[in-house]
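Undergrad: My questions will all concern the structure given below.
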Amino acid sequence: MSLTMNNPAIPQDEVRVSVVIPTYRGADTLPQLVEELSPFCTSGTTPGGLAYRISEIILVHDCGPDRSDLCLEQLAAKYSVVRPLWLSRNFGQHAATLAGMASAAGDWIVTLDEDGQQDPRDIARMLDMAINKSLQLVYAQPTNPPPHGFWRNTASRLVKTISVNVLGLESLGRFNSFRMVDGEVGRALAAYCGHGVYLDVGLSWVASRVGHCPVQVREELGRPSGYSLVKLIAHFWGLVLTTGTRPLRMITITGLLSILMAFGVAAWVLISKLYGDIPVQGWASLVIVVSFFSGAILMSLGVIAEYLAVTMGIAMGRPLYVISSKPSRRGPPA
Numbered sequence: 007m008s009l010t011m012n013n014p015a016i017p018q019d020e021v022r023v024s025v026v027i028p029t030y031r032g033a034d035t036l037p038q039l040v041e042e043l044s045p046f047c048t049s050g051t052t053p054g055g056l057a058y059r060i061s062e063i064i065l066v067h068d069c070g071p072d073r074s075d076l077c078l079e080q081l082a083a084k085y086s087v088v089r090p091l092w093l094s095r096n097f098g099q100h101a102a103t104l105a106g107m108a109s110a111a112g113d114w115i116v117t118l119d120e121d122g123q124q125d126p127r128d129i130a131r132m133l134d135m136a137i138n139k140s141l142q143l144v145y146a147q148p149t150n151p152p153p154h155g156f157w158r159n160t161a162s163r164l165v166k167t168i169s170v171n172v173l174g175l176e177s178l179g180r181f182n183s184f185r186m187v188d189g190e191v192g193r194a195l196a197a198y199c200g201h202g203v204y205l206d207v208g209l210s211w212v213a214s215r216v217g218h219c220p221v222q223v224r225e226e227l228g229r230p231s232g233y234s235l236v237k238l239i240a241h242f243w244g245l246v247l248t249t250g251t252r253p254l255r256m257i258t259i260t261g262l263l264s265i266l267m268a269f270g271v272a273a274w275v276l277i278s279k280l281y282g283d284i285p286v287q288g289w290a291s292l293v294i295v296v297s298f299f300s301g302a303i304l305m306s307l308g309v310i311a312e313y314l315a316v317t318m319g320i321a322m323g324r325p326l327y328v329i330s331s332k333p334s335r336r337g338p339p340a
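To convert a position in the sequence shown, counted from 1, into the numbering used here, add 6.
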């Protein structure tokens with residue numbers, strides 16, 4: 007039976023929650039996930055006694071390789087709260103999430119992954135925390151290791167530690183794709199967020215009151231991860247480039263330290279020349295020094311060039327995403 011969005015029996019002061027799910031390869035997992043969400047689409051209460059309901063489930067089709075487009079159409083026909091959103095091509099998870107946030111109408115926006123690791127029952131607890139503590143953004147904080155394997159979990163923890171302690175994202179803490187954002191904040195961010203901006207970096211620009219809600223993550227719903235090592239490295243590099251100018255400052259500091267080291271070596275050489283015998287040196291030390299500083303210079307130029315590329319993409323008006331009226335890319339025939 008279809009779920010109705012506009013029910014006159016629902017009190018007007020209850021909190022409406024929009025759920026945004028970027029969909030790339032979700033044909034096998036979305037039916038079960040939407041089924042789990044469906045009981046919360048009618049009037050209910052959080053553990054803290056707050057009246058709420060999921061008023062819409064926005065499934066953003068990011069033009070993946072499977073038949074997710076047919077799955078979205080079937081779910082939209084079955085559940086009136088399901089709203090498919092068709093992107094013109096594959097723009098990536100962050101762009102797809104922002105497209106869904108821009109289209110959301112709820113008081114709060116929740117972002118979920120399509121793989122079923124995140125439990126919809128935790129939404130109520132996150133909502134209690136957001137309202138009771140007057141927060142603008144609540145991240146799920148897993149209390150158990152995600153089911154990705156030791157090396158990927160270790161790399162994920164390392165990236166999040168670097169983002170907080172090196173890149174200056176202290177206000178966010180350990181971020182997660184399972185997040186709850188104040189509806190006004192989420193829509194405002196989606197309205198002006200430019201191409202190449204990492205979603206959680208953008209949230210750090212507009213949200214100052216951030217909390218973390220403990221949750222248990224589950225096993226994926228029988229679906230391989232869509233993130234290869236190359237994609238994960240690309241995501242990390244996008245995070246670095248969009249955090250601001252701190253990486254450029256680190257390059258400047260590295261250059262200053264190199265100059266100081268060069269002065270120190272030169273002083274040591276002069277003192278050794280004046281007061282001691284210096285034997286004839288071989289080529290090994292020279293090759294090492296030249297290789298080190300040449301590599302540092304090329305790396306610095308590469309980082310600066312990446313910044314210029316991001317800036318050029320924004321200046322040229324490259325769109326973060328484009329929404330179509332119908333599926334523009336379908337997977338292989340069923």
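Where a beta carbon is used, it is the ideal one built from N, C-alpha and C, also for glycine.
For clarity, every value in this text was computed on a predicted model and none was experimentally measured.
My output table needs one value for L93: the three-state DSSP class, helix, strand or coil.
TA: Of the three classes helix, strand and coil, the one that applies to L93 here is strand, per DSSP.
Undergrad: First and last residue of the alpha helix (DSSP H) that includes C199?
TA: Where C199 is concerned, there is no enclosing alpha helix (DSSP H), given that its DSSP letter is neither H nor E.
Undergrad: Determine, for R59, whether the minimum Cβ-Cβ distance to residues of chain E falls below 9 Å.
TA: The chain labelled as chain E is not found in the depicted structure, where only one protein chain is given.
Undergrad: CB-CB under 7 Å to P126, same chain, minus the five flanking residues each way: which ones, in chain order?
TA: Contacts found: E42, L43 and F46.
Undergrad: Per the contact definition of three or more C-beta pairs closer than 8 Å, is the region 75-88 in contact with the region 103-111?
TA: No: fewer than three Cβ pairs fall under 8 Å.
Undergrad: Ends of the beta strand (DSSP E) at C219?
TA: Residues V216 to V221.
Undergrad: Alpha carbon to alpha carbon, how far is Q38 from G32?
TA: Roughly 10 Å separates the two Cα atoms.
Undergrad: Would F181 pass as a contact of L209 if the rule is Cβ separation under 9 Å?
TA: Their beta carbons are under 9 Å apart, which means F181 touches L209 by this criterion.
Undergrad: Measure from the alpha carbon of Q123 to the alpha carbon of each residue in G112, A101 and Q147, then state which is nearest.
TA: Comparing Cα-Cα distances from Q123 to each of G112, A101 and Q147, the minimum goes to Q147.
Undergrad: Can you tell me whether DSSP reads S330 as helix, strand or coil?
TA: Reduced to three states, the DSSP call for S330 is strand.
Undergrad: By the DSSP assignment, the alpha helix (DSSP H) with E226 in it spans what residues?
TA: Segment: none, E226 is in no alpha helix (DSSP H) and carries neither H nor E.
Undergrad: Go ahead and label Q99 buried or exposed: buried means 16 or more other beta carbons lie within 10 angstroms of its beta carbon, across all protein chains shown.
TA: Result: buried.
Undergrad: Report back the beta-carbon spacing between R215 and L141 to the nearest angstrom; my notes put them in contact at under 8 Å.
TA: Rounded, the Cβ-Cβ distance is 5 Å, consistent with contact.
Undergrad: Can you give the Cα-Cα distance for R22 and P333, rounded to whole angstroms?
TA: In a straight line, the C-alpha of R22 is about 28 Å away from that of P333.
Undergrad: What's the call for A311, buried or exposed, on a 16-neighbour Cβ count within 10 Å?
TA: Exposed, by the Cβ-count rule.
Undergrad: How far does the alpha helix (DSSP H) with T103 in it reach, from first residue to last?
TA: Counting along the chain, the alpha helix (DSSP H) containing T103 begins and ends at Q99 to S109.
Undergrad: If we call anything under 9 Å between Cβ atoms a contact, is S306 one with I259?
TA: The answer is no: Cβ separation not under 9 Å.
Undergrad: Going by DSSP, what residue range makes up the alpha helix (DSSP H) through P148?
TA: Not the alpha helix (DSSP H): P148 falls in the beta strand (DSSP E), residues L143 to P148.
Undergrad: Pick out whichever of L56, C199, D119 and I137 has its Cα sitting closest to the Cα of V223.
TA: With distances taken between Cα atoms, V223 lies closest to D119.
Undergrad: Would you kindly work out how many angstroms separate the C-alpha atoms of A101 and A302, rounded to a whole number?
TA: Cα-Cα distance, rounded: 33 Å.
Undergrad: Between which two residues does the beta strand (DSSP E) containing S61 stretch?
TA: Taken as a continuous stretch (DSSP letters only), the beta strand (DSSP E) holding S61 covers A57 to H67.
Undergrad: Look at the alpha carbon of T48 and the alpha carbon of G70, and state the distance between them as a whole number of angstroms.
TA: T48 and G70: Cα-Cα distance of roughly 31 Å.
Undergrad: Compare the C-alpha of A136 against each of A194, I64 and T52 and name the closest.
TA: The shortest Cα separation from A136 among A194, I64 and T52 belongs to T52.
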